Amino acid sequence: MNYAKSEAKDHAREHMRGIWAAALNPFAEDLSFDEAGFRRNIRHWVDDLGIEGLFICGKQGEFFSMSLEERKRNLEVAVEECAGRAGTMMSVSDQNFDTVLELARHAQDVGADYIVVHAPVLHFVHDRDALLYEYYKAISEAVDIGIAMWSHPDSGYLMSPELCARIADLPNVVAIKYSVPREMYARLTELAGDRIQVSTASEEEWFDNIVELGWRLYLCSSPPYQLQTANDRRMHDYTQLAFAGRIDEARAIRDSLDPVRQAIKSTKPGGKPQAHGKYWQELLGQTGGRVRFPMQELTEAEKSATRAAFKACGLRL
1248 MNYAKSEAKD HAREHMRGIW AAALNPFAED LSFDEAGFRR NIRHWVDDLG IEGLFICGKQ
1308 GEFFSMSLEE RKRNLEVAVE ECAGRAGTMM SVSDQNFDTV LELARHAQDV GADYIVVHAP
1368 VLHFVHDRDA LLYEYYKAIS EAVDIGIAMW SHPDSGYLMS PELCARIADL PNVVAIKYSV
1428 PREMYARLTE LAGDRIQVST ASEEEWFDNI VELGWRLYLC SSPPYQLQTA NDRRMHDYTQ
1488 LAFAGRIDEA RAIRDSLDPV RQAIKSTKPG GKPQAHGKYW QELLGQTGGR VRFPMQELTE
1548 AEKSATRAAF KACGLRL
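Residues in the sequence shown are numbered from 1248 upward in steps of one, following the working numbering.
If you want it as structure tokens, here you go:
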């Protein structure tokens, strides 16, 4: 990181902009981490697709199946490959708080730009707000790096806009990936948009959030590298047009991606999101690879249906 703790919010306001993608992690046939394939993917995402930041080692990346050392190496490789050409946000999420802090300090030490911390699963806890405030406060006090909150139904609850706005007062809390209904993230934008970057992972809502909420950050999921190729950068294009106020042109390009969205959505088995995403990457010429247990691989029938939808969706390779 190249800013002081007291500068974290200003740094994020200036540098955490545009399209940020959540990386899937490629695993080789023997299920080892395919570092070379990961490096190739990052170069393609940044150099060919113009993606402005990467979200590393999150749930898309199957962090839950990786050892602590593998997770640390994942962060190191991303920093090396982005090398100032794209931002890095490292997921240090874990149920074990010591692991969260160890990964957060490692991310800070190796030169990551920011970290993101998922709201923990809280067994038997019903009155959560004070606990969650102290959780993020403890992380804030332990490190200098900018911190993004992350609230998602996977935790078993959603953090309220009011709680998130209170946490936003912490000096190095700079953003939130807020996977909640639109009325909740619109409310948080109103309450705390002057202190943190508010975003959600839904690409289908991204255009409306630029136009209606004034957002300048997409944070983040796999669509930036699954809806685009080096010769067909329509998500990038509609984003830049919307930023420039050319709304009708942007909307037309956004709408033109509907066949691609439908091809992905209609062929993705509910229990195999990572495997489907990796196979779609392979169809695009990226490194996909295997998934680790307990995640399951696609069947040959599922691959065949995905290939057919891919060929008909209109993406230009």
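Beta carbons are placed, not taken as given, at the ideal position from N, Cα and C, and that holds for glycine. Predicted, not measured: the structure shown is a model, and the values here were computed from it.
- Of all alpha-carbon atoms in Y1382, T1346, R1375, I1392, the one lying nearest the alpha-carbon of G1358 is that of I1392.
- K1512 sits exposed, since fewer than 16 C-beta atoms from the chains shown fall within 10 Å of its C-beta.
- Counting only runs of 3+ residues, the beta strand (DSSP E) found wholly inside the region 1293-1349 occupies 1300-1303, 1334-1338, in chain order.
- Between K1319 and H1353, the beta carbon gap of about 5 Å places them in contact (Cβ cut-off 8 Å).
- No residue range can be given for G1518, since it is assigned to no beta strand (DSSP E) and is classified by DSSP as neither H nor E.
- The bridge partners DSSP lists for T1553 come to none.
- When the five nearest sequence neighbours on each side are left out, the beta carbons in the same chain lying within less than 6 Å of the beta carbon of E1529 are those of G1535, in order along the chain.
- Excluding five sequence positions before and after T1514, the CB atoms of its chain that fall closer than 6 Å to its own CB belong to A1552, T1553, A1556, given in chain order.
- No Cβ-Cβ contact shorter than 7 Å links A1522 with V1507.
- Among the bridge pairs identified by DSSP, R1537 is matched with F1274.
- At a cut-off of 4 residues, the continuous stretches assigned as alpha helix (DSSP H) that sit fully inside the region 1413-1481 are 1429-1439, 1450-1460, 1470-1473.
- In this structure, the alpha-carbon of G1518 lies about 16 Å from that of L1271.
- Check the Cα spacing between S1314 and each of R1332, V1339, G1331, E1549: the tightest is with V1339.
- W1453 is not a Cβ neighbour of Y1472, given a cutoff of 7 Å.
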